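Residue numbers (our numbering): 1 to 298. All C-beta atoms, glycine included, are put in the ideal place defined by N, C-alpha and C. These figures come from a predicted structure and were not determined experimentally. The block underneath contains the structure these notes are about, expressed in structure tokens.
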Ligand code: NAD
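In structure tokens form, the structure reads like this:
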């Protein structure tokens, strides 16, 4: 299949490579010339603009952009996809954005005869490279089925979450919980150690007791508890605190529109904001534990 791909960053670059590996023909666009050159080296065709991708004989277009502002520009802008794409071409946005923007863009696409899915992912850059991402997909069931062979080349779990925007709803609800649970684990681990417990023993107790969760078991924020966790290598790699802050912002903003309280989510957002202010936004989000510890000499 001939597929267009826009947004060749940390996630989009490896995802587009996996489409090539699966035997698809891929036409790419990104304002960063180096990102385009790397994909062309891997066998992709370069396009000079979103319009040029839309004008190529593609059956589907995938986008993986930073945020809603870029998604709206790329789809709705004068030189954008909707102004130039042929009727019937399937549009798939895998960026993490707010559900209302996702629904707005999908409605505009549908009105001109282009089915559109929101298909945000979890699994991080490792999952993008390995082709093991989870896709949370919102849109018509028939369009989800049509997207299957494309998404299967980049991911392992493909979940239809319901109507347009629901993929984004699933993504931000999960990350809201993840952001909160990491704060909880950081608080509990720091308290236990301050009161005299050994960190590894405490983590072992939590992980065989009712406090157990992904943040305690797989990505424990206390240094030295898990050899392979970011906490044991200065919080490098992993899922950046800045990205967690973005996702909590999406959740609290969406909650405002739904008049739905997100008491702990809003508190977690403020905590990650404080971490960012201290200059730690580039670290894995488990570095939130630094707010519970005395400053270490650099
Ligand atoms: P990134 O910043 O590495 O990549 C974004 C790419 O989009 C860049 O190459 C940029 O040049 C390109 N871009 C910007 N404006 C563009 C435009 N107008 N047209 C085409 N391309 C444009 O970001 P990323 O880490 O790849 O994340 C992409 C999306 O995936 C975000 O919405 C993010 O929240 C989400 N996400 C990221 C991760 C992660 O671990 N990095 C995990 C899950 C979801």
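- Query: residue 155: buried (16+ other C-beta within 10 angstroms of its C-beta) or exposed?
  - Reply: Around the Cβ of residue 155, a 10 Å sphere holds 16 or more other Cβ atoms; the residue is buried.
Buried versus exposed, by CB contacts within 10 Å (16 or more), residue 218
That one is exposed.
Q. For residue 81, which three-state DSSP category applies?
A. Coil.
Is it the case that the Cβ atoms of residue 135 and residue 158 are separated by a distance below 8 Å?
Contact: yes.
Quick check on the DSSP output: the alpha helix (DSSP H) that includes residue 64 runs from which residue to which? No alpha helix (DSSP H) contains residue 64, which DSSP labels as neither H nor E.
Fill in: Neighbour-count burial assignment, residue 171, 16 or more Cβ in a 10 Å radius
Within a 10 Å sphere around the beta-carbon of residue 171 sit 16 or more other beta-carbons, which makes this residue buried.
Residues sharing a beta bridge with residue 27, DSSP
For residue 27, the pairing in a beta bridge is given by DSSP as 4 and 45.
(request) Could you spell out the range, first to last residue, of the alpha helix (DSSP H) harbouring residue 160? (result) Counting along the chain, residue 160 falls outside any alpha helix (DSSP H), though it belongs to the beta strand (DSSP E) covering 155-162.
Residues of its chain near residue 61, where Cβ-Cβ distance is below 8 Å and the 5 sequence neighbours each way are ignored: Excluding sequence neighbours, residue 61 sits near 3, 4, 5, 6, 53, 54, 81, 85, 89, 90, 91 and 92.
Q. Going by alpha carbons, who is nearest to residue 184 out of 95, 265 and 108?
A. It is 265 whose Cα lies nearest to the Cα of residue 184.
Notebook entry, point to check: Under 7 Å from any heavy atom of ligand 1, does the C-beta of residue 246 make it?
Noted result: Checking every heavy atom of ligand 1 against the Cβ of residue 246, one is found closer than 7 Å.
For this session: Pick out whichever of 193, 151, 240 and 255 has its Cα sitting closest to the Cα of residue 225.
Result: Minimum Cα distance to residue 225 is reached at 193.
Between residue 45 and the rest of its own chain, which residues show a CB-CB distance below 6 Å, the 5 nearest in sequence each way excluded? The beta carbon of residue 45 sits closer than 6 Å to the beta carbons of 27 from its chain, once the five residues preceding and following it are set aside; these are given in chain order.
Exposure of residue 102, with buried meaning 16 or more beta-carbon neighbours within 10 Å:
Burial call: buried.
If we count the other Cβ atoms within 10 Å of its Cβ and call it buried at 16 or more, is residue 139 buried or exposed? Under the 10 Å beta carbon count, residue 139 is surrounded by 16 or more other beta carbons and is classified as buried.
- [ ] Specify the secondary structure class of residue 247 as computed by DSSP and reduced to three states.
- [x] Residue 247 sits in a helix when the DSSP states are folded into three classes.
* Asked: residue 135 bridges to which residues according to DSSP?
  -> Beta-bridge pairing links residue 135 to 121 and 158.
Discussion item. So, for residue 116: in the same chain, excluding its five sequence neighbours on each side, which residues have a beta-carbon less than 6 Å away from its beta-carbon?
Written reply: Short of 6 Å from the beta carbon of residue 116, and not among the five residues preceding or following it, lie these beta carbons of its own chain, in chain order: 91, 106 and 109.
What residues in its chain sit with their C-beta under 6 Å from that of residue 250, if we drop five residues either side in the sequence?
Within the same chain, residue 250 has close Cβ partners 98 and 172.
What does residue 92 pair with, by DSSP beta-bridge criteria?
In the DSSP output, where bridge partners are listed per residue, residue 92 has 62 and 117.
Note to self: Here's the rule: buried if 16 or more other CB atoms are within 10 angstroms of the residue's CB, otherwise exposed. What is residue 200?
What the structure shows: By the C-beta density criterion, residue 200 is exposed, having fewer than 16 other C-beta atoms within 10 angstroms.
Practice prompt. Spatial neighbours of residue 69 within its chain, please: CB distance less than 8 Å, with the 5 preceding and 5 following residues excluded, ordered by chain position.
Written response: Cβ within range, chain order: n/a, list empty.
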